[in-house]
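Numbered by the UniProt record's numbering, the letters in the sequence shown go through residues 1 to 145 in order.
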Amino acid sequence: ELKKDSCGDSSCCWVGYKSLCRNCGPPDVDFNGVVFGNDWWVGSVVRYECRPGFVLVGDPARACQSNGKWTPKPSCLVCRRGRVELSEKEIDGACTSTCPPKNYSGSGSQSHGCNRIDNCKTKEANWKSWFTGCAYCECDCYIPC
């Protein structure tokens with residue numbers, strides 16, 4: 001579908017939802033982020049992701065607006081607080097002699113100040129507590145940005 005529309009002080013051509021007269025140019029991205037998409041015409045959308053160890057704050061999608069500017073850029077922030085030690089039972093309710101990588105989001109971990117725990121590794125395997133063998137884990141602890 002082609003339609004005519006004014007674009008600033010000149011006229012432009014539209015193909016579907018894309019304006020072929022105005023381009024937002026390459027979208028900027030944080031050093032620790034990655035942008036996907038190489039279409040920068042009005043109406044186009046690109047997506048953002050962060051490299052491992054960083055948390056994306058903001059809308060992961062940006063759109064090229066009719067004024068030739070991108071919608072606000074998300075940020076990639078370091079939200080890693082450090083490491084936390086806990087039993088595997090605290091992560092998923094199970095006790096085993098190993099501690100494979102796990103993800104956790106929820107209130108059960110709030111006592112540690114984390115909103116997400118991952119990259120868990122066994123620190124001291126198979127300690128005994130009331131006849132139950134549990135893995136003692138060391139995990140990356142993330143806090144909200």
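Even for Gly, the Cβ is constructed at its ideal location relative to N, Cα and C. No experiment lies behind these values; they were computed from the predicted model shown.
Original post:
How is Lys3 classed by DSSP in three states: helix, strand or coil?
Top reply: Summary for Lys3: the model assigns pLDDT 44, below 50, so the residue's position carries little reliability, and this model does not support an answer.
Original post:
Count the other CB atoms within 10 Å of the CB of Arg47; is the residue buried (16 or more) or exposed (fewer)?
Top reply: By the Cβ neighbour-count rule, Arg47 is exposed, with fewer than 16 other Cβ atoms within 10 Å of its own.
Original post:
Using DSSP with H/G/I as helix, E/B as strand and the rest coil, what is Ile143?
Top reply: Of the three classes helix, strand and coil, the one that applies to Ile143 here is coil, per DSSP.
Subject >> Buried/exposed call for Ala94, threshold 16 Cβ in 10 Å >> reply: Exposed, because fewer than 16 other Cβ atoms sit within 10 Å of the Cβ of Ala94.
Original post:
With distances taken between CB atoms, is the gap from Ser105 to Cys137 smaller than 8 Å?
Top reply: Taking 8 Å as the Cβ cut-off, Ser105 and Cys137 do not qualify as a contacting pair.
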